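Novice: Handing you a structure now.
Numbering (this note's numbering), first residue to last: 1 to 189.
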């Protein structure tokens, strides 16, 4: 009796790859929805559901093959990882980084300004005394650079990062001419 390559190797591999694709697309689609991409999100949703329906139909047509269930679940898990990896590499959008420093923060502030990051600096009092709060809204692509500057100049500072879906006043965020800001805001809508 010959080994059935089609049902026990090729079909499970195709189901695994299809599941990785549809879950990856779904993960990226959710991120795009949260960022306000109104055209791209439904297009991705269409392909996500199309792949899903085709995959489930194939599994239901041969419910006696347990490998199909296993690779379906493995594809789902792998698709989540791949989707997050893709989102990380795309680095879409802006983030706000909030830095709290206890020691002298002049070097950190100078380095961030030298690299043309816009900062809002506030004197405050924390649990252990006076601190500086430094806020900056940056492109997500710049995040690793900013964290590198923080770690190099003020490694004991505390920082937190959160996504920014929309920033109302581009004048505060960008050192660009009015026409350049207008072009940017039109692209996002």
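Ideal Cβ placement from N, Cα and C applies to all residues, glycine included. In this text, all values refer to a predicted model and were calculated from it rather than measured experimentally.
#1: Just to confirm, are residue 72 and residue 19 a CB contact at a threshold of 8 Å?
#2: Any idea which residues DSSP pairs residue 96 with across the strands?
#3: Sort 16, 148, 109 by Cα distance to residue 118 and report the nearest one.
#4: Kindly indicate which residue of 102, 60, 158 has the alpha-carbon position closest to the one of residue 128.
#5: Taking C-alpha atoms, which residue in 165, 26, 51, 55 lies nearest to residue 12?
#6: Could you spell out where the beta strand (DSSP E) holding residue 125 opens and where it closes?
#7: Checking the sheet assignment: what are the DSSP bridge partners for residue 194?
#8: With 16 other CB atoms within 10 Å as the buried threshold, where does residue 32 fall?
#9: Answer yes or no: do residue 98 and residue 133 have a C-beta to C-beta separation smaller than 8 Å?
#10: Does any residue of chain B have a CB that is nearer than 8 Å to the CB of residue 111?
#11: Here's the rule: buried if 16 or more other CB atoms are within 10 angstroms of the residue's CB, otherwise exposed. What is residue 123?
#12: Which residues mark the beginning and the end of the alpha helix (DSSP H) in which residue 25 is found?
#13: Does DSSP put residue 42 in a helix, in a strand, or in coil?
#14: How is residue 156 classed by DSSP in three states: helix, strand or coil?
#15: By the three-class DSSP mapping on this structure, what secondary structure does residue 57 have?
#16: Looking only at its chain, what residues have a beta carbon closer than 7 Å to the beta carbon of residue 177, apart from the 5 residues adjacent to it on each side?
#17: On the DSSP letters alone, give me the boundaries of the alpha helix (DSSP H) that residue 77 sits inside.
#18: Ignore the nearest five residues each way along the sequence and tell me which others in residue 8's own chain have a CB closer than 8 Å to its CB.
#19: Please classify residue 22: is it buried, with 16 or more other beta-carbons within 10 angstroms of its beta-carbon, or exposed?
Specialist: Let me spell this out:
#1: yes
#2: 137, 162
#3: 109
#4: 102
#5: 55
#6: 120-126
#7: The chain is shown only over 1 to 189; residue 194 falls outside these bounds and no answer can be derived.
#8: buried
#9: yes
#10: No chain B appears in this structure, which consists of one protein chain only.
#11: exposed
#12: 11-35
#13: helix
#14: coil
#15: helix
#16: With a pLDDT of 45 at residue 177, under the threshold of 50, the predicted position of this residue should be treated as unreliable, and no value is reported.
#17: 66-90
#18: 65, 67
#19: buried
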